[in-house]
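Residue numbers (my numbering): 475 to 735.
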């Protein structure tokens, strides 16, 4: 009965012989549903042959007619129905729950708190070494004696700033370390922090350049905010040339570029 809202009943062939499903209309099927003419009807949703095939859109109508005529019937919910229910409802719910679980864990790992991952998007991605964990000194740096002599004043100022402040001296705003890869720039910066016994903040300049304008500037502000909370300290900006570029000549987006923030 799946075609033209009909009903296929087994056992309604001529002379009571079962020769296969016979398609009849709804009115013909309902007319045959008289007490004594049909012993019972079973709807089975297993993939095995069923006694009656019903149109799902008209099941309530058939059930009402069966009850009206006083014919016993039952509905068997087989394993196929349970499997279909799992695939359509329970399965997607489990996948959605697993997705929420992993997202919540990643949010907590990215900074936690109410903002989670979104709240930490504009946060600095720097790495911090406490003064106890910085175990590098000038004795571990070799081959750049002139550079060590130049930055030794920074160590003295960090150790005893009041001595310089009494004379009106101010610490340099920063030191530019230039050289090919592997010459010891990062090691020297860590040695300064180790000699001065202060925390060491390190971050790559590429972390300040993002697709969304303003994110890099927000990370710079967050970095220096945390550095002030742990002052005195050393901030090491590796690959600072990533945030610099040649101005003028060619296409320029002006102040709306991330590097201009």
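Cβ atoms here follow ideal geometry from the backbone N, Cα and C, with glycine treated the same way.
CA nearest to the CA of residue i, picked from the options
| i | options | result |
| --- | --- | --- |
| residue 612 | 624, 602, 603 | 624 |
| residue 668 | 704, 603, 705, 715 | 603 |
| residue 648 | 536, 710, 676 | 710 |
| residue 606 | 699, 698, 671 | 671 |
| residue 635 | 714, 707, 539, 545 | 707 |
| residue 705 | 542, 633, 562, 640 | 633 |
Contacts around residue i, its chain only, beta-carbon distance under 8 Å, and the 5 residues preceding and following it disregarded
| i | result |
| --- | --- |
| residue 662 | 615, 618, 621, 622, 625, 651 |
| residue 601 | 675, 676, 677 |
| residue 698 | 709 |
| residue 653 | 659 |
Supposed close pair residue i, residue j - CB separation, criterion 8 Å
| i | j | result |
| --- | --- | --- |
| residue 681 | residue 693 | 6 Å |
| residue 666 | residue 629 | 6 Å |
heavy atom of the ligand NAD below 7 Å from residue i C-beta
| i | result |
| --- | --- |
| residue 628 | With respect to the ligand NAD, the structure shown offers nothing to examine, as it has no ligands at all. |
Other residues of its chain near residue i: CB distance less than 7 Å, five sequence neighbours each side excluded
| i | result |
| --- | --- |
| residue 631 | 638, 645 |
| residue 664 | 608, 610, 674 |
| residue 702 | none |
| residue 627 | none |
Status (buried if at least 16 other CB within 10 Å, exposed otherwise) for residue i
| i | result |
| --- | --- |
| residue 575 | exposed |
Cβ-based neighbour list, residue i, same chain, cut-off 6 Å, excluding 5 preceding and 5 following
| i | result |
| --- | --- |
| residue 715 | none |
| residue 700 | none |
Please give the ranges of any alpha helix (DSSP H) in the stretch 607-662, keeping only runs that are unbroken, at least 4 residues long and fully inside the region.
619-633, 635-640
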